[in-house]
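Q: Before I ask anything, let me first share the structure, which is written out below as structure tokens.
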Amino acid sequence: MVLNVFNSFLLIFSVLFVFLLFIPSTVFSQEIVFLTNYNPYTNDVYRITNFSYRGISIGMTRDYVESLIENDPFLEVDDTSYLGLFDKEKPFVLKVRSLPYLQSAYFVFNGGVLIDMIIRLNPEVYSYSELIFEAKKKYGPPTDERPHMAIWQALPYELRVEKPSVVKFFLTDEVSNVNIKAFISYQSNKVRSEYTKRQLFPFQ
């Protein structure tokens, strides 16, 4: 009788020991997986260095960007305010639009290579809070957040979301946040099919 009780106690103790040993390792392993999936610096999908707009990314040549715009069903070069500079020592600025969602987008080239993107969205369509929410969901907490802007940095790259509804992406060692006066376009020349605001959203 005593032997049976002892054996039963030993069995229960063994099961509890294995259970207690298994639980922490399971929790720990799940925590590691969760943190790895969340961390924007360990998962390329969430790195700001992969930011692009309509397939246009920093580092592309001017000719290639122009071909992407020409073949894009929604974007068009805005000829109403030509900002290209003939001085080869200065940046070349290409202005693009897609009304009514995209008021203007400025692509700044230095030496024929894209170094800066300034995307001015229609604030009546894309609210600042919506842009901030989606950017945080994709890239995680910003490096710096202020009342009028949020900044994500992965040097030499910097991504900004600014009020009212502006997205900027640039190389910090090439340009100190190029400031360009905004010219709002009121008409569109490119014939396009119907589309939704999601197709021109910068954080897809």
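Throughout, the numbering used here is defined as the position within the sequence shown, counted from one, plus 271. Built from N, CA and C at the ideal position, the CB exists for glycine as well.
Alpha carbon to alpha carbon, what distance is there between R368 and E347?
A: Working through the sequence shown from its first residue, we reach residue 347 at position 76. Working through the sequence shown from its first residue, we reach residue 368 at position 97. One C-alpha to the other measures close to 6 Å.
Q: Mind the definition here: the region 413-421 touches the region 383-398 only if three or more C-beta pairs lie below 8 Å; say whether that holds.
A: Output reads no: the region 383-398 does not touch the region 413-421.
Q: Kindly indicate which three-state DSSP category F472 falls into: helix, strand or coil?
A: By one-based count along the sequence shown, residue 472 stands at place 201. Three-state DSSP puts F472 in coil, outside helix and strand.
Q: So, helix, strand or coil for V396, using DSSP?
A: As a first step, residue 396 is located in the sequence shown; it is residue number 125 there, counting from the start. Three-state DSSP puts V396 in coil, outside helix and strand.
Q: Have a look at F474 and D444 and give me their C-alpha separation to the nearest angstrom.
A: Here residue 474 corresponds to residue number 203 of the sequence shown, with the count starting at 1. Here residue 444 corresponds to residue number 173 of the sequence shown, with the count starting at 1. About 24 Å.
Q: Give the DSSP-derived three-state secondary structure of E439 in the structure shown.
A: Your numbering for residue 439 matches position 168 in the sequence shown. One point to set straight first is that residue 439 is Lys, not Glu, in the sequence displayed. Note: K439 maps to strand in three-state DSSP.
Q: Take Q424 as the anchor and find which of R391, F363 and L442 has the nearest alpha-carbon.
A: Taking the sequence shown and counting its residues from 1, one reaches residue 424 at position 153. Nearest option by C-alpha distance: L442.
Q: With C-beta atoms as the reference, is I329 less than 8 Å away from M388?
A: Sequence index remark: in the sequence shown, residue 329 carries index 58 (1-based). Sequence index remark: in the sequence shown, residue 388 carries index 117 (1-based). Contact flag set, yes.
Q: Are the CB atoms of L365 and F378 within a distance shorter than 8 Å?
A: Counting from 1 along the sequence shown, the entry for residue 378 is found at position 107. Counting from 1 along the sequence shown, the entry for residue 365 is found at position 94. The answer is yes: Cβ separation under 8 Å.
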